[in-house]
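This report concerns only the one structure given below.
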Amino acid sequence: MDLVAGIDLGATQTKFGLVNRKGELFAYQSIPTDTSVSYEEFFFTLSQKIKKLDVPVNGDFNITGVGVGTPTGNYIHGTIENASNLNWPDHIPVAKLLENYFSLPVSVCNDANAAAIGELMFGVAKGKKNFICITLGTGLGSGIVLDGKVVLGKEGHAGELGHITAVPEGRDCACGRKGCLETYASATGIVRTVIENSESELKKSLLYKDKDNLDARIITSAASQGDEIALQAFDDTGKILGRKLADVVAILNTELIILSGGLAKSGELIRKPVIKYMNEHLLNIFQGSVEVKLSEISSKNTSILGTAAFMWLKIENMSTLSTSTA
Numbered sequence: 036m037d038l039v040a041g042i043d044l045g046a047t048q049t050k051f052g053l054v055n056r057k058g059e060l061f062a063y064q065s066i067p068t069d070t071s072v073s074y075e076e077f078f079f080t081l082s083q084k085i086k087k088l089d090v091p092v093n094g095d096f097n098i099t100g101v102g103v104g105t106p107t108g109n110y111i112h113g114t115i116e117n118a119s120n121l122n123w124p125d126h127i128p129v130a131k132l133l134e135n136y137f138s139l140p141v142s143v144c145n146d147a148n149a150a151a152i153g154e155l156m157f158g159v160a161k162g163k164k165n166f167i168c169i170t171l172g173t174g175l176g177s178g179i180v181l182d183g184k185v186v187l188g189k190e191g192h193a194g195e196l197g198h199i200t201a202v203p204e205g206r207d208c209a210c211g212r213k214g215c216l217e218t219y220a221s222a223t224g225i226v227r228t229v230i231e232n233s234e235s236e237l238k239k240s241l242l243y244k245d246k247d248n249l250d251a252r253i254i255t256s257a258a259s260q261g262d263e264i265a266l267q268a269f270d271d272t273g274k275i276l277g278r279k280l281a282d283v284v285a286i287l288n289t290e291l292i293i294l295s296g297g298l299a300k301s302g303e304l305i306r307k308p309v310i311k312y313m314n315e316h317l318l319n320i321f322q323g324s325v326e327v328k329l330s331e332i333s334s335k336n337t338s339i340l341g342t343a344a345f346m347w348l349k350i351e352n353m354s355t356l357s358t359s360t361a
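Residue numbers (the working numbering): 36 to 361.
Have a look at this one:
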């Protein structure tokens, strides 16, 4: 059996597994993304763990390639470039490094593009040709598919929706700018929204006891119990994201928007306000033409499947990828 190693390299955790052509995940593991060591040391450790994965299949298996999805991963150059959430140099030759460690072909892509390909091949975007996949994790990423092809742009950086300005002169962003969308609409952004409440307001909330250790899961739990501050945080987040998605639809004329990643696990708590505010700001000609869906493969590690799918496409020399701009 031929398998591809799919790697989802995030700011805090790196998840990886082995995937066949049908998108079935046969092994899975995760490790902390340790940026206290050099990137060479980290990727060597990662490669050794992948080689030792236990695969519960009958008969022999063969790893035929390695796919990597990561913030600012560049498919064209095989590099990670200027990742604001990773404490490593601005230019990391990941493909070349892993090719040396594995003696196999390697495909590197933006993690949001990986999620989009995962949805296209294995998820809710099957049969769709024009959609955008929004990943709501530590930051906000977006993978754009137009006319059935992933949009990469001239240098491979198309889709940096997380770094468009949502609030002029707003919150500081790790990229060095202010008011970026991901500082409001992400798992970390919603925490910042809650923390901005006054001490007296927080004391009325279920969140107060966790105020020094908040994360999106805690806020989701409180909102599910009817906590007003948590519910308001979801509404505020959905408002900012929905308005920006209305702009995206006006530019790209997408038929589907997929919400994926950690914050999307809150389900209708985030989807409903996003739909509400997006529809309020949609141009008339687009009203009723755009679906907003939650990823159904988040729990199956969308980005791992997507990075593996990128690698399968490379191996099979398919024409799904395009370097045309939006």
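Note that CB positions come from ideal geometry on N, CA and C, so glycine has one too.
- Message: Given a cut-off of 9 Å on the beta-carbon distance, is the pair E326 and L291 in contact?
- Response: yes
- Would N122 be called buried (16 or more neighbouring beta carbons within 10 Å of its own) or exposed? exposed
- Taking the C-alpha atoms as reference points, what is the distance between G188 and I320? 27 Å
- Task: For the beta strand (DSSP E) holding L187, just list the boundary residues, first then last.
- Result: It is not in any beta strand (DSSP E) - L187 carries neither H nor E in the DSSP assignment.
- Task: Taking all protein chains shown into account, decide if G45 is buried (16 or more other Cβ within 10 angstroms of its Cβ) or exposed.
- Result: buried
- Taking L216 and I199 to be in contact with their CB atoms under 8 Å, please state how far apart those CB atoms are, rounded to whole angstroms. 5 Å
- CB-CB under 7 Å to Y312, same chain, minus the five flanking residues each way: which ones, in chain order? G273, K274, G277, R278
- Message: By the DSSP assignment, the alpha helix (DSSP H) with K87 in it spans what residues?
- Response: From DSSP, K87 is part of no alpha helix (DSSP H); its letter is neither H nor E.
- Message: With the cut-off set at 9 Å, would you say V101 and L60 are in Cβ contact?
- Response: no
- Query: How should T228 be labelled, buried or exposed, when 16 other C-beta atoms within 10 angstroms of its C-beta is the threshold for buried?
  - Reply: buried
- Item | Selection from G214, V54, V226 that minimises the alpha carbon distance to L38 | V54
- Item | Cβ contact (3+ pairs, closer than 8 Å) linking the segment 242-259 and the segment 203-220 | no
- Task: State buried or exposed for E76, treating a residue as buried only when at least 16 other CB atoms are found within 10 Å of its CB.
- Result: exposed
- Query: Count the other CB atoms within 10 Å of the CB of N145; is the residue buried (16 or more) or exposed (fewer)?
  - Reply: buried
- Query: Roughly how far, in whole angstroms, is the beta-carbon of S65 from the beta-carbon of K86, given that I think they are within contact range, below 8 Å?
  - Reply: The pair is not a contact, with the Cβ atoms about 16 Å apart (cut-off 8 Å).
- Helix, strand or coil for F166 per DSSP? strand
- Query: For T70, which residues from the same chain have a beta carbon less than 8 Å from its beta carbon, with the 5 sequence-adjacent residues on both sides left out?
  - Reply: F77, L121, N122, W123
- Quick check: the segment 298-309 against the segment 125-140, are there 3 or more CB pairs under 8 Å? no
- Message: In the DSSP output, what is T350 paired with across the bridge?
- Response: The sequence given here has Ile at residue 350, not Thr. Answer is none; I350 lacks a bridge partner.
- Near A285, what residues of its chain come up, given a Cβ to Cβ distance below 8 Å and the 5 sequence neighbours on each side ignored? L317, L318, F321
- Query: With burial defined as no fewer than 16 other Cβ atoms inside 10 Å of the residue's Cβ, what is the status of G162: buried or exposed?
  - Reply: exposed
- Is DSSP giving T99 helix, strand or coil here? strand
- Own chain partners of T218 with C-beta closer than 6 Å, once the 5 adjacent residues on each side are dropped: R206, C208, G224
- Can you round the beta-carbon distance between I169 and S295 to whole angstroms, since I take them to be within the 8 Å contact cut? 7 Å
- Task: Would you mind working out which of D95, A62, F137, P67 sits nearest Q48, comparing C-alpha positions?
- Result: P67
- Task: Please work out which residues of its chain come closer than 7 Å, Cβ to Cβ, to D262, disregarding the five sequence neighbours upstream and downstream, and give them in chain order.
- Result: S240, L241, L242
- Item | Pick from T342, D245, E351 that is closest to I152, judged by C-alpha positions | T342
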